[in-house]
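Chemist:
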Amino acid sequence: MKICLARTVLLFLIPLSLGYSHHSFPGIYDVDQQWLLKGVVNEFIFRNPHTFVVLEITSDGDTTEQWYIEMAPMQVLMGRGMDKNTIGPGDDLIITCNPARDGGKSCGLGQKGGLYRPDDQLLYGMDPRQLHDLLNLPK
Amino acid sequence: MKAAKTIYLLVTLLVGFGLSTASSGQDGVPDITGYWMWLPHEEFRMRLWGPEPGEIGGLPLNEKAINAAMAFDPNDYYKPENQCRNHGAAYVMRAPFARQFLYEDTDILLIRIELEAQERKIYLDGRLPSSEEHTGLGHSVGSWESEILTVTTTHMTPYYHRRNGVPYSENAVMTEHFLLHDSNYLTIITKVDDPEYLSEPLVRSISFKKLPDSYADQFNFEYDCEIIEWEGGAPGRGLQ
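In the order they appear, the protein sequences are chains A and B. So the first sequence is numbered by my numbering: it starts at 9 and just counts up by one. So the second sequence is numbered by my numbering: it starts at 53 and just counts up by one.
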């Protein structure tokens, strides 16, 4: 019984730890804005203190921009079954994130953030169905 | 890789067992050994996500500390010298994830902090620091008084009470009282004295819940940190 209780607590607490960042997340990112980015992976930087997806985003037909998507430390991603090979160059991704406060081309995976394949497969973060509802996006 | 992990876990278990056995020598004091998971019951948002810039309410700060916090640039964390700088002693116990408490011997209690794989040493024999050098975790001496472990930490390098630049100085002195509730919950009451930045001592508490010993399989005490020289000082800032 004790073990069951402990496991219950553990299951509850580990997801709470998923958003942890070494720096203050709201210090860098505007948590009042939620963005949806679509692009192709240039690089997956799987390292501490933070992991990054470098995303090539094409807008206005042919203009491309490189964006840095900041995520939790390695051990947090590993706790969700991710490793350095989960994402690779050329992968199409859809990302919901909070933009940098200072206008830099970076976006952080915050409390409502998520990392998805185009088929809605959740790689990390919030369930896309919840997010689509939240943002009133087409499904 | 799998074999290496298995060996690592085995060694961790064996070492952990051996060190825990040493705890049986701590007669007459509560058994604080084992794995403890943080409870986010206090300051959840600030401890997990972090404070907003300038969010300094509730802390007894003097003018110097307020000025320092208001001038803090969050992008400082991206500077090469800060990226792999671990959280300091007066902050790190408030961070998420698990802790492992175990005795290295009868004179030294270890607190292994899963985040950043930091290891605090609590000297129970009252020894003085071997040098005047200051470190992130400082020098900690502790003693059991009745059922409470009291730990005093000095010789810390400057760091932050909050991750928005609320500072503490190298002269800060932290006193922690560790107390168990029916062996399943651990509360640490912390007092920091630091006249350089505080108008009165900063007193706070944090709590943990005991985990089963099987958590050893999940306890992640490996941490490598890689420094990146960000163009423009932070990710995405130097791009056109």
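Cβ atoms here follow ideal geometry from the backbone N, Cα and C, with glycine treated the same way.
Please state the DSSP three-state secondary structure of residue 286 (chain B).
Modeler: Looking at residue 286 (chain B) - three-state DSSP - the assignment turns out to be coil, as it is neither helix nor strand.
Chemist: Does residue 108 (chain A) get closer than 8 Å to chain B when you measure Cβ to Cβ?
Modeler: Judged by the 8 Å Cβ criterion, residue 108 (chain A) is in contact with chain B.
Chemist: Would you check if the distance between the CB atom of residue 221 (chain B) and the CB atom of residue 210 (chain B) is smaller than 8 Å?
Modeler: Closer than 8 Å, so yes.
Chemist: Taking a cut of 8 Å between CB atoms, which residues from the segment 48-64 of chain A lie near chain B?
Modeler: Here the close residues are 53, 55, 56, 57 and 60.
Chemist: In three-state DSSP terms, what is residue 150 (chain A)?
Modeler: Here chain A covers residues 9 to 147 and nothing more, so residue 150 (chain A) does not appear.
Chemist: Taking C-beta to C-beta, are residue 156 (chain B) and residue 164 (chain B) nearer than 8 Å?
Modeler: No, they are not a contact pair.
Chemist: Nearest-angstrom Cα distance between residue 82 (chain B) and residue 47 (chain A)?
Modeler: Roughly 55 Å separates the two Cα atoms.
Chemist: What are the uninterrupted segments assigned as beta strand (DSSP E) that are 3 or more residues long and contained completely in the segment 160-230 of chain B, given in chain order?
Modeler: Listed in chain order, the complete beta strand (DSSP E) runs (minimum 3 residues) inside the segment 160-230 of chain B are 160-165, 170-175, 191-197, 200-206, 211-214 and 218-220.
Chemist: Could you name the residues of the segment 274-285 of chain B whose beta carbon sits closer than 7 Å to any beta carbon of chain A, in the order they occur along the chain?
Modeler: If the cut-off is 7 Å between Cβ atoms, the segment 274-285 of chain B has 275, 276, 277 and 278 near chain A.
Chemist: Roughly how many angstroms separate the alpha carbons of residue 228 (chain B) and residue 78 (chain B), rounded to a whole number?
Modeler: Each residue's alpha carbon lies about 19 Å from the other.
Chemist: Report yes or no: is there a C-beta of chain B within less than 8 Å of the C-beta of residue 114 (chain A)?
Modeler: Residue 114 (chain A) counts as touching chain B.
Chemist: Whole angstroms is fine: what's the gap from residue 2 (chain A)'s alpha carbon to residue 113 (chain A)'s?
Modeler: Here chain A has residues from 9 to 147 only, and residue 2 (chain A) is not among them.
Chemist: Are there three or more Cβ pairs, one per stretch, closer than 8 Å when the segment 125-143 of chain B is compared with the segment 278-290 of chain B?
Modeler: With a cut-off of 8 Å, the segment 278-290 of chain B and the segment 125-143 of chain B count as touching, because enough Cβ pairs lie within range.
Chemist: Quick one: give me the first and last residue of the alpha helix (DSSP H) that residue 85 (chain A) is part of.
Modeler: Per DSSP, residue 85 (chain A) belongs to the alpha helix (DSSP H) from 82-87.
Chemist: Could you tell me which residues DSSP puts in a beta bridge with residue 130 (chain A)?
Modeler: Residue 130 (chain A) is bridged to A:124.
Chemist: Assuming residue 132 (chain A) contacts residue 122 (chain A) under a Cβ cut-off of 8 Å, what Cβ separation, rounded to an integer in Å, is found between them?
Modeler: Confirmed, Cβ separation roughly 7 Å.
Chemist: Leaving out five residues before and five after residue 74 (chain A) in sequence, what residues of the same chain have Cβ atoms less than 8 Å from its Cβ?
Modeler: Around residue 74 (chain A): 50, 62, 63, 64, 65 and 113.
Chemist: Tell me which same chain residues have a C-beta within less than 6 Å of the C-beta of residue 102 (chain B), skipping the five on either side of it?
Modeler: Correct list, in chain order: 215.
Chemist: Given that residue 32 (chain A) touches chain B, what residues does it touch there, using C-beta distances under 7 Å?
Modeler: Ordered by position in chain B, the residues that pass the 7 Å Cβ test against residue 32 (chain A) are 102, 103, 126, 215 and 216.
Chemist: With a 10 Å radius around its C-beta and 16 neighbouring C-beta atoms as the bar for buried, classify residue 89 (chain A) as buried or exposed.
Modeler: When all chains shown are included, residue 89 (chain A) counts as exposed.
Chemist: Measure the beta-carbon distance from residue 42 (chain A) to residue 92 (chain A) and round it to whole angstroms, keeping in mind my assumption that it falls under 8 Å.
Modeler: So it is not a contact: roughly 27 Å between Cβ atoms.
Chemist: In whole angstroms, what separates the C-alpha of residue 183 (chain B) from that of residue 95 (chain A)?
Modeler: Straight-line Cα distance between these residues: approximately 47 Å.
Chemist: By the 10 Å Cβ neighbour count, where 16 or more other Cβ atoms means buried, how is residue 146 (chain B) classified, buried or exposed?
Modeler: Residue 146 (chain B) is buried by the Cβ-count criterion.
Chemist: If you measure between the beta carbons of residue 267 (chain B) and residue 213 (chain B), is that distance less than 8 Å?
Modeler: The answer is no: Cβ separation not under 8 Å.
Chemist: Taking its Cβ as the centre, do 16 or more other Cβ atoms sit within 10 Å of residue 67 (chain B), making it buried, or is it exposed?
Modeler: Because the pLDDT of residue 67 (chain B) is 42, which lies under 50, any placement of that residue in the model is unreliable, and the number read from its coordinates should be weighed accordingly. By the neighbour-count rule (16 or more Cβ atoms within 10 Å), residue 67 (chain B) is not buried but exposed.
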